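Engineer: One structure coming up, written as structure tokens, with questions to follow.
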Amino acid sequence: PQEDAESGKGCDWIGGILLAWTSPPVVRDVKPEVQKHFPQPISPGDILRQIDGKHVRGLNREQILRLLQDFKGSIGFRNGSDMDEDVRKSAQDALQHGPQEDAESGKGCDWIGGILLAWTSPPVVRDVKP
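Just so we're aligned, residue 482 is where the sequence shown starts under this note's numbering, counting upward by one.
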């Protein structure tokens with residue numbers, strides 16, 4: 482693979498899409514002529530989700546390239562700025578900074594992906610951002 486300066490994991494051009502071999506793989510660049518093959522535009526930052534219905538999360542470069550070698554016509558991408566990424570980032574922030582105080586229960590609470598969760602047992606939703 483080529484060098485991927487952002488992740489250090491390497492990247493390859495696959496059919497006009499530059500994929501960085503992060504887990505899951507992330508689109509770094511897209512050639513304009515590729516867009517006509519997809520129902521929604523693909524953009525840098527989008528995540529490779531599936532190939533012919535097989536989810537690629539947890540697969541390495543070689544495993545993904547083998548799937549692409551036998552590609553039957555279905556590749557799925559997910560917008561990189563979707564809820565999954567928001568959940569991951571806010572969970573990471575919550576772990577690093579600790580919970581806020583939940584006045585109603587006396588327990589902690591955190592905003593996770595636009596949802597305010599109080600850490601009662603079971604956790605309770607206190608608020609949701611629109």
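Positions of the beta carbon are idealized from the N, C-alpha and C atoms, including for glycine. What you are looking at is a predicted structure, and each value in this text was computed from that prediction instead of being measured.
Does the pairing of the region 593-607 with the region 569-584 give three or more beta-carbon distances under 8 Å?
Structural biologist: They touch, by the three-pair rule.
Engineer: Report buried or exposed for alanine 486, applying the criterion of at least 16 other Cβ atoms within 10 angstroms of its Cβ.
Structural biologist: Along the sequence shown, one-based indexing puts residue 486 at 5. With fewer than 16 Cβ atoms within 10 Å of its Cβ, alanine 486 is classed as exposed.
Engineer: Assign alanine 501 to one of three DSSP states: helix, strand, or coil.
Structural biologist: Here the question's residue 501 lines up with position 20 in the sequence shown. The answer is strand: DSSP assigns alanine 501 an E or B state.
Engineer: Applying the 10 Å Cβ sphere with the 16-neighbour rule, what's the burial state of serine 558?
Structural biologist: In the sequence shown, residue 558 corresponds to position 77, counting from 1. Reading the sequence as shown, one finds phenylalanine at residue 558 and not serine. By the 10 Å Cβ count, phenylalanine 558 comes out buried.
Engineer: If you compare alpha carbons, which of Ala575, Arg530, Gln573, Leu576 is closest to valine 555?
Structural biologist: Here residue 555 corresponds to residue number 74 of the sequence shown, with the count starting at 1. In the sequence under discussion, the amino acid at residue 555 is serine, which differs from the valine named in the question. For the residues Ala575, Arg530, Gln573, Leu576, the minimum Cα distance to serine 555 belongs to Arg530.
Engineer: Out of Ser571, Gln573, Val606, Gln577, state which residue places its alpha-carbon closest to the alpha-carbon of lysine 588.
Structural biologist: Walking along the sequence shown from the start, residue 588 turns up at place 107. Nearest C-alpha to lysine 588: Val606.
Engineer: Run through DSSP, which three-state label would glutamine 521 get?
Structural biologist: Locating residue 521 in the sequence shown gives position 40, counting from the first residue. Three-state DSSP puts glutamine 521 in coil, outside helix and strand.
Engineer: If you compare alpha carbons, which of Thr601, Ile593, Arg509, Pro505 is closest to glutamate 585?
Structural biologist: Within the sequence shown, residue 585 is the residue found at index 104, counting from 1. The residue with the shortest Cα to Cα distance from glutamate 585 is Thr601.
Engineer: Straight-line CA distance for leucine 549 to proline 603?
Structural biologist: Locating residue 549 in the sequence shown gives position 68, counting from the first residue. Locating residue 603 in the sequence shown gives position 122, counting from the first residue. Their backbone Cα atoms lie some 42 Å apart in a straight line.
Engineer: Which of helix, strand or coil does DSSP assign to alanine 572?
Structural biologist: Within the sequence shown, residue 572 is the residue found at index 91, counting from 1. Looking at alanine 572 - three-state DSSP - the assignment turns out to be helix.
Engineer: Which of the three DSSP states is assigned to glutamate 543 in this structure?
Structural biologist: Along the sequence shown, one-based indexing puts residue 543 at 62. Here glutamate 543 sits in helix by DSSP.
Engineer: Leaving aside the five residues before and after valine 511 along the sequence, list all residues of the same chain whose C-beta is less than 6 Å from its C-beta, in chain order.
Structural biologist: Taking the first residue of the sequence shown as position 1, residue 511 is located at position 30. Correct list, in chain order: Ile498, Ile523.
Engineer: Inspect the beta-carbon positions of proline 505 and glycine 491 and report whether they are closer than 8 Å.
Structural biologist: Residue numbering aside, residue 505 sits at position 24 when the sequence shown is read from its first letter. Residue numbering aside, residue 491 sits at position 10 when the sequence shown is read from its first letter. Not a contact, by the Cβ cut-off of 8 Å.
Engineer: Distance, Cα to Cα, glutamine 573 vs glutamine 516?
Structural biologist: Looking up residue 573 in the sequence shown gives position 92. Looking up residue 516 in the sequence shown gives position 35. Using only the alpha carbons, I get a separation of about 33 Å.
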